[in-house]
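A.B. asks:
Protein chains in written order, with the numbering used here: chain A, 42 to 250; chain B, 28 to 444.
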């Protein structure tokens, strides 16, 4: 168990472990035996190891859902839902600004400078970035585009969606927590029977635009 | 007879060689125009002379579909260029097995006829053509598989849009299906019957071909598997992208949207069950002797706190303004004494250290009395808790028998363990 100390600490601190955020930790967790050992260790802390459906991220879940755990989960869910739209809009903005036709995925490298440069040239993207950055979730106070982009990336790093390999370099890597977010969105769509058609969505979007 | 035949054959061959290389040279001579034609719809005629155009048409490098339309690149030349450039958008995958099989059958029959008539020269010729056909067939499969791998390994990088990638992947999968169909056309039972007992034919058309084709078959199956995997990934990416834009659009349209509270359900969905963060905190502990040394080392590695000349803001007895030089000296003394304290902490086995001995051994030049005074003052100035960590022993003697004045000669500082 000693060799998993740092990994346990990260998990206990609420981090999501994926191949980007902790490659060796993730490799250890891919082993069913290790997962079992960790689960046994976590039992007195009322926690257990959990993962998303694909097993691309690991995190800790409550073992027993008592009242205080449910309270905590409700609060957390509320916070996640409050930040959901800004996060989704950011994902869309990155996709459009960088001219990609896929969402940012774990392992993708993003640079705030490149992002703000692309937004700078395009009035509509610029306005969207500004609106997004000043949203309470990102909370930028600046009216400078560069500073706004930096603040957005900083907040995403704080929330574990991005990783900054070198603290002095403005280069970020998308983590597996994005997968978790997408899974959550899919879950909400299915649970609430939202009229979001995954197949025919594109045509509708084109009409809207 | 055979001599004259040989000479006419040689003549034919040399004419063939001559025309062939002349026509091949045309490709090089007009390469710019031909490449322009490759990238455009038609050949730009303005840069070609009439005689050059006639030659290119005669060599079937260019062709004119009808009187009114422009001159175009011949399909074979277009294919050749695409093949040379590994231009995956235009590279054709076409193994044309059925026709090759027909040709092989015809050649084998002609070969056997020649053998029964004893025409050695024709026999050789037919065998060579058979070998070429088999090589071509092999080459076409190898080329097709190479083209498929190229596209696969570049993630269909020659098109940028995901939808195009999906379409290209689909096209590649259909090509594989056709290539596999082509392979299935080759019936070795039939070939065995066809070649009969002829050794060289058997080697060429059975053992060699079978080995090569099974190699191609494995290759094709592998590419097919990988293409299907990649397609699944493309579709997943597409679905993700649509999901996110759909949900964002929905939430913008319904600002008050709030899903039900999944945390209150009797069965909490796995995805929302995310435990609260727990801080695995630890503080330095001094209850184990062995670790005290480690902690002391760590303490030593801490950067020196920078003292400002005046730290105490509290009311103090009125004091004459110290000159800045005196204040600096006072500060230096204080720091030297602090170093003395740190060295006491570093003592192995917590042995007592004499303040004067330390002073004399060090390059410091403080007067003994001032030094001792500061060591004692430092001790007095420590917070109560820190004070307990040290033991200060004063070596003192009574000044005279008549009063209680005591003189301090030295102090010993020791870590209290």
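Don't be surprised by glycine CBs; every beta carbon is placed ideally from N, CA and C. Bear in mind the structure is a predicted one, so any value in this text is a computation, not a measurement.
1. Please list the partners that residue 229 of chain A has in chain B, where partner means a Cβ-to-Cβ separation under 7 Å.
2. Return no unless some Cβ of chain B is closer than 8 Å to the Cβ of residue 156 of chain A.
3. Indicate whether at least one CB of chain A lies closer than 8 Å to the CB of residue 271 of chain B.
4. Pick from A/66, A/60, A/195 and A/61: whose alpha carbon is nearest that of residue 52 of chain A?
5. Near residue 374 of chain B, which residues of its chain fall below 7 Å by C-beta distance, leaving aside the five closest residues on each side in sequence?
6. Do residue 203 of chain A and residue 128 of chain A have their CB atoms nearer than 8 Å?
7. Under 7 Å between beta-carbons, which chain E residues line up against residue 307 of chain B? List them in chain order, please.
8. Which of the three DSSP states, helix, strand or coil, is assigned to residue 202 of chain A?
9. Roughly how many angstroms lie between the CA atoms of residue 45 of chain B and residue 51 of chain B, to the nearest whole one?
10. Could you please give me the residues that DSSP links to residue 277 of chain B through a beta bridge?
11. Which chain B residues sit within Cβ distance under 7 Å of residue 143 of chain A?
12. Between which two residues does the alpha helix (DSSP H) carrying residue 230 of chain B extend?
13. Just to confirm the assignment, what range does the beta strand (DSSP E) spanning residue 368 of chain B have?
14. Give the secondary structure of residue 242 of chain A by DSSP, where H, G and I count as helix, E and B as strand, and everything else as coil.
15. For residue 79 of chain B, which option in B/181, B/305, B/102 and B/60 has the closest C-alpha, if you only look at C-alpha atoms?
16. Answer yes or no: the CB of residue 132 of chain A versus the heavy atoms of the ligand ATP, is any distance below 7 Å?
17. Secondary structure at residue 213 of chain A, three-state DSSP: helix, strand or coil?
18. Output, in chain order, the set of chain A residues within a Cβ distance shorter than 7 Å of residue 275 of chain B.
19. Tell me which residues of the segment 290-302 of chain B have at least one Cβ-Cβ distance to chain A shorter than 7 Å, keeping chain order.
20. Counting C-beta neighbours from all protein chains within 10 Å, is the total for residue 209 of chain B 16 or more, i.e. buried, or is it exposed?
21. So, for residue 367 of chain B: in the same chain, excluding its five sequence neighbours on each side, which residues have a beta-carbon less than 6 Å away from its beta-carbon?
22. From what residue to what residue does the alpha helix (DSSP H) around residue 153 of chain B run?
23. Taking 7 Å as the limit between beta carbons, can you name the residues of its chain near residue 144 of chain A, skipping five residues before and five after?
24. Does the beta carbon of residue 311 of chain B sit closer than 8 Å to a beta carbon anywhere in chain A?
25. Rounded to whole angstroms, what's the CA-CA distance from residue 142 of chain A to residue 114 of chain A? Just pull it up for me.
26. Report yes if the C-beta distance between residue 88 of chain B and residue 53 of chain B is below 8 Å; otherwise report no.
27. Here's the rule: buried if 16 or more other CB atoms are within 10 angstroms of the residue's CB, otherwise exposed. What is residue 103 of chain A?
28. Let me check understanding here. Comparing Cα to Cα, which of B/290, B/417, B/383 and B/364 lies closest to residue 2 of chain A?
29. For the pair the segment 137-146 of chain B and the segment 174-193 of chain B, tell me if three or more CB-CB distances fall below 8 Å.
30. With distances taken between CB atoms, is the gap from residue 89 of chain A to residue 95 of chain A smaller than 8 Å?
31. If you reduce the DSSP assignment to three classes, tell me which class residue 176 of chain A lands in.
32. If you measure between the beta carbons of residue 437 of chain B and residue 391 of chain B, is that distance less than 8 Å?
33. Apply the 10 Å Cβ neighbour rule to residue 220 of chain A and answer buried if 16 or more other Cβ atoms are within range, or exposed otherwise.
34. Please classify residue 230 of chain A: is it buried, with 16 or more other beta-carbons within 10 angstroms of its beta-carbon, or exposed?
35. For residue 186 of chain A versus residue 157 of chain A, is the C-beta distance shorter than 8 Å?
36. What is the rounded straight-line gap between the Cα of residue 266 of chain B and the Cα of residue 297 of chain B?
C.D. replies: Concretely, from the data shown:
1. 286
2. no
3. yes
4. A/66
5. 380 and 442
6. no
7. Although the question refers to chain E, the structure presented lacks it and instead comprises the protein chains A and B.
8. In the displayed model, residue 202 of chain A falls within coil according to three-state DSSP, outside both helix and strand.
9. 10 Å
10. In the DSSP output, where bridge partners are listed per residue, residue 277 of chain B has none listed.
11. 189, 264 and 268
12. It is not in any alpha helix (DSSP H) - residue 230 of chain B carries neither H nor E in the DSSP assignment.
13. In the DSSP annotation of this structure, residue 368 of chain B is not part of any beta strand (DSSP E); the continuous alpha helix (DSSP H) holding it starts and ends at 351-373.
14. Because the pLDDT at residue 242 of chain A is just 42, under 50, the model does not fix this residue reliably, and the value given afterwards should be weighed accordingly. Residue 242 of chain A: helix per DSSP, three-state reduction.
15. B/60
16. Ligands are entirely absent from the displayed structure, and the ligand ATP is therefore not among its contents.
17. strand
18. Residues of chain A passing the Cβ test: 126, 129, 130 and 133.
19. Residues passing the 7 Å Cβ filter: 290, 291, 295, 296, 297, 298, 299, 300, 301 and 302.
20. buried
21. 385
22. Per DSSP, residue 153 of chain B belongs to the alpha helix (DSSP H) from 147-180.
23. 132 and 136
24. no
25. When rounded, the distance between both Cα atoms is 34 Å.
26. yes
27. buried
28. This structure gives no information on residue 2 of chain A, because the portion of chain A shown stretches from 42 to 250.
29. no
30. It is not a contact, given that the beta carbons lie outside the stated cut-off.
31. coil
32. no
33. buried
34. A residue is called buried once 16 or more other Cβ atoms fall within 10 Å of its Cβ, and residue 230 of chain A is buried on that count.
35. yes
36. 22 Å
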